[in-house]
Amino acid sequence: MTDGPLVLGIESSCDETGVGVVRGRTLLANTVSSSMAEHVRFGGVIPEIASRAHLDALVPTLRAALDEAGVRLRDVDALAVTSGPGLAGALMVGVAAAKALAVATGKPLYAVNHLVAHVSVGLLEDTGVPGPAAGRADGGLGALLVSGGHTEILAVEDLARDVRLLGATLDDAAGEAYDKVARVLGLDYPGGPAIDAAAREGDPAAFRLPRGLSAGKYMGSAERPGPHRYDFSFSGLKTAVARVVEDFEARGEPVPVADVAASFQEAVADVITRKAVLACTEQGLDTLLLGGGVAANSRLRALTAERCAEHGIELVVPELSLCTDNGAMVAALAARVVAEGGQPSDLGFPADSSLPVTTVTV
Numbered sequence: 026m027t028d029g030p031l032v033l034g035i036e037s038s039c040d041e042t043g044v045g046v047v048r049g050r051t052l053l054a055n056t057v058s059s060s061m062a063e064h065v066r067f068g069g070v071i072p073e074i075a076s077r078a079h080l081d082a083l084v085p086t087l088r089a090a091l092d093e094a095g096v097r098l099r100d101v102d103a104l105a106v107t108s109g110p111g112l113a114g115a116l117m118v119g120v121a122a123a124k125a126l127a128v129a130t131g132k133p134l135y136a137v138n139h140l141v142a143h144v145s146v147g148l149l150e151d152t153g154v155p156g157p158a159a160g161r162a163d164g165g166l167g168a169l170l171v172s173g174g175h176t177e178i179l180a181v182e183d184l185a186r187d188v189r190l191l192g193a194t195l196d197d198a199a200g201e202a203y204d205k206v207a208r209v210l211g212l213d214y215p216g217g218p219a220i221d222a223a224a225r226e227g228d229p230a231a232f233r234l235p236r237g238l239s240a241g242k243y244m245g246s247a248e249r250p251g252p253h254r255y256d257f258s259f260s261g262l263k264t265a266v267a268r269v270v271e272d273f274e275a276r277g278e279p280v281p282v283a284d285v286a287a288s289f290q291e292a293v294a295d296v297i298t299r300k301a302v303l304a305c306t307e308q309g310l311d312t313l314l315l316g317g318g319v320a321a322n323s324r325l326r327a328l329t330a331e332r333c334a335e336h337g338i339e340l341v342v343p344e345l346s347l348c349t350d351n352g353a354m355v356a357a358l359a360a361r362v363v364a365e366g367g368q369p370s371d372l373g374f375p376a377d378s379s380l381p382v383t384t385v386t387v
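Letter 86 of the sequence shown, counting from 1, is numbered 111 in my numbering, and no numbers are missing.
Spelled out as structure tokens, the structure:
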């Protein structure tokens with residue numbers, strides 16, 4: 026362990042089976058098998074299909090990751106697995122596999138939080154937060170996680186043990202809103218890439234769409250914060266888009282899909298970036314990590330970069346393969362916990378679909 030612990034991580038919280046291997050802060054392997062193609066005809070992830078896909082993919086993905094890393098299972102110092110949050114059945118597959126490997130090899134097992142693991146990509150060399158920013162103790166690191174299941178702003182005091190939730194969505198996550206609006210517009214699933222592509226040909230100011238929880242009593246002020254100052258809501262925006270489409274259809278006119286897509290995307294990116302930057306400035310966070318599948322969205326990336334630059338906040342966006350769910354992030358978080366002397370998990374831990382982000386390890 027002279028260069029840090031060698032850790033193998035397993036991720037199965039949704040529709041991607043991920044196995045990653047890291048040594049300290051060095052990424053050795055990041056292998057992912059996605060079942061996305063099996064969910065397309067349903068317009069969303071079907072938990073039972075995802076769980077069965079994990080069963081089929083886990084062993085081949087594990088072997089591929091070990092081969093890529095050039096190590097054997099008996100060489101690793103520790104195992105890690107996502108214990109939550111996520112889809113219950115999907116989590117159970119990864120947790121059961123990790124426990125079986127721990128019993129068979131005698132290696133310690135660390136059950137970690139999926140959301141905190143997204144931040145841990147900042148620990149990996151040449152992929153995330155430079156220097157000591159990742160996991161430092163002065164509270165200078167924030168994270169904006171935007172995906173199909175989560176839209177949250179975090180403050181990281183110590184990545185291995187102290188993470189605070191600053192704001193979260195009260196209803197749909199941003200990725201869910203993209204999928205539902207894409208369906209209304211007749212675009213393909215998943216909705217994120219489809220809307221992003223359509224929006225390039227549209228006018229983001231064509232329709233005035235709501236920015237949920239971004240004014241009045243919800244926001245308050247820095248001195249007297251409102252109850253949802255850093256929170257998000259996309260249900261009203263989704264409904265507003267549906268009404269726009271219904272109005273065109275009622276008049277027998279073609280729906281201007283590109284303009285609606287661009288206006289919707291601008292509304293999402295606007296409220297997310299404003300609240301993230303507000304949280305950073307008010308909470309003393311001078312570095313912001315953007316992660317999650319929606320981090321691939323071109324407008325969100327551009328507007329986040331623009332507003333962070335305006336406020337002197339360093340923005341870190343890891344490569345896309347490390348923004349989406351993967352095993353490397355799980356291994357990276359566990360490597361940090363191991364290096365700081367954290368104790369391994371008792372093998373009786375459950376898969377917890379609603380594990381709070383403040384619980385880093387179980």
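Here a beta-carbon is modelled for each residue, glycine too, at the ideal position from N, C-alpha and C.
This one's a predicted model, so the numbers in the text were calculated from it and none came from an experiment.
Tell me residue i's beta-bridge partners as DSSP assigns them.
| i | result |
| --- | --- |
| G245 | P250 |
| L313 | G167, L340 |
| I35 | V44, V106 |
| L52 | V47 |
| T384 | T384 is not bridged to any residue. |
| F257 | T194 |
Please go through the same chain and pick out, in chain order, the residues whose beta-carbon is closer than 6 Å to the beta-carbon of residue i, but skip the five residues on each side of it.
| i | result |
| --- | --- |
| G316 | H143, L170, C348 |
| G227 | A283, D284, A286, A287 |
| A159 | Its pLDDT being 46, under 50, A159 is placed unreliably in this model, and the value from its coordinates should be taken loosely. Counting only Cβ-Cβ distances below 6 Å, and skipping sequence neighbours, we find G147, L148. |
| A224 | A286, A287, Q290 |
| S58 | T42, A82, T86 |
| A332 | A small correction: the amino acid at residue 332 is Arg; Ala does not occupy that position in the sequence shown. Around R332: T298, V302. |
| A105 | V32, G34, Y135, V137, V355, A356, A359 |
| L325 | A294 |
Just confirm the distance between the C-beta atoms of residue i and residue j, as a whole number of angstroms; I'd bet it's less than 8 Å.
| i | j | result |
| --- | --- | --- |
| D40 | A75 | 5 Å |
| G165 | T312 | 6 Å |
| H336 | T383 | Going by Cβ atoms, the distance from H336 to T383 rounds to 26 Å, so no, they are not a contact pair. |
| Y243 | P229 | Between P229 and Y243 the Cβ distance is about 23 Å, and since that is not below 8 Å, they are no contact. |
| V270 | V209 | 5 Å |
| Y255 | I178 | 5 Å |
| D221 | S323 | 6 Å |
| A356 | V141 | With a Cβ gap of about 13 Å, A356 and V141 do not count as contacting. |
| A207 | P281 | About 15 Å separates the two Cβ atoms, so there is no contact after all. |
| L345 | A321 | 5 Å |
| P110 | H64 | Contact doesn't hold; Cβ gap of about 19 Å is too wide. |
Counting only the same chain and skipping the five closest in sequence on each side, list residues whose C-beta sits under 7 Å from that of residue i.
| i | result |
| --- | --- |
| A94 | V46, L53, A54 |
| S370 | L134, Y135, A136, T386, V387 |
| F374 | S108, A136, V387 |
| V101 | L31, V32, L33, K132 |
| T130 | L98, R99 |
| A429 | Since the first and last residues shown for the chain are 26 and 387, residue 429 lies out of range. |
Following the continuous beta strand (DSSP E) through residue i, name the residue where it begins and the one where it ends.
| i | result |
| --- | --- |
| D187 | 187 to 193 |
| E41 | 41 to 48 |
| T176 | 176 to 183 |
| L134 | 134 to 138 |
Tell me where the alpha helix (DSSP H) around residue i begins and ends.
| i | result |
| --- | --- |
| S288 | 282 to 308 |
| D350 | Careful: D350 lies outside any alpha helix (DSSP H) and carries neither H nor E. |
| L83 | 72 to 94 |
| S60 | Unbroken run through S60: none, as it is neither H nor E. |
| V120 | 113 to 130 |
| P218 | 216 to 224 |
| V206 | 199 to 209 |
| R326 | 323 to 335 |
In chain order, what residues of the same chain have a beta carbon less than 8 Å from the beta carbon of residue i, not counting five sequence neighbours either side?
| i | result |
| --- | --- |
| G156 | With a pLDDT of 45 at G156, under the threshold of 50, the modelled position of this residue cannot be trusted; read the value that follows with caution. Closer than 8 Å at the Cβ level, and outside the excluded window around G156, lies no residue. |
| A115 | S37, S38, C39, D40, P72, A75, S76, H79 |
| L112 | S38, C39, V70, P72, A75, S76, S378 |
| D204 | G68, G69, G173, Y214, P215, G216, G217 |
| L372 | K124, A127, V128, L134 |
| F257 | T176, G192, A193, T194, L195, A199, G237, L238, V296, I297, K300 |
| G367 | Y135, A185, R186, T386 |
| L310 | G164, G165, L166, G167, A180, A304, I338 |
| N351 | E36, E41, G43, G45, N55, V57 |
Quick check: the stretch 181 to 200 against the stretch 271 to 289, are there 3 or more CB pairs under 8 Å? no
inquiry  = If contact is defined by three or more beta carbon pairs under 8 Å, each pair taking one atom from either stretch, is the stretch 258 to 275 in contact with the stretch 289 to 296?
reply    = yes
Answer yes if the stretch 233 to 248 comes into contact with the stretch 178 to 190, meaning at least three C-beta pairs across the two stretches below 8 Å, and no otherwise. no
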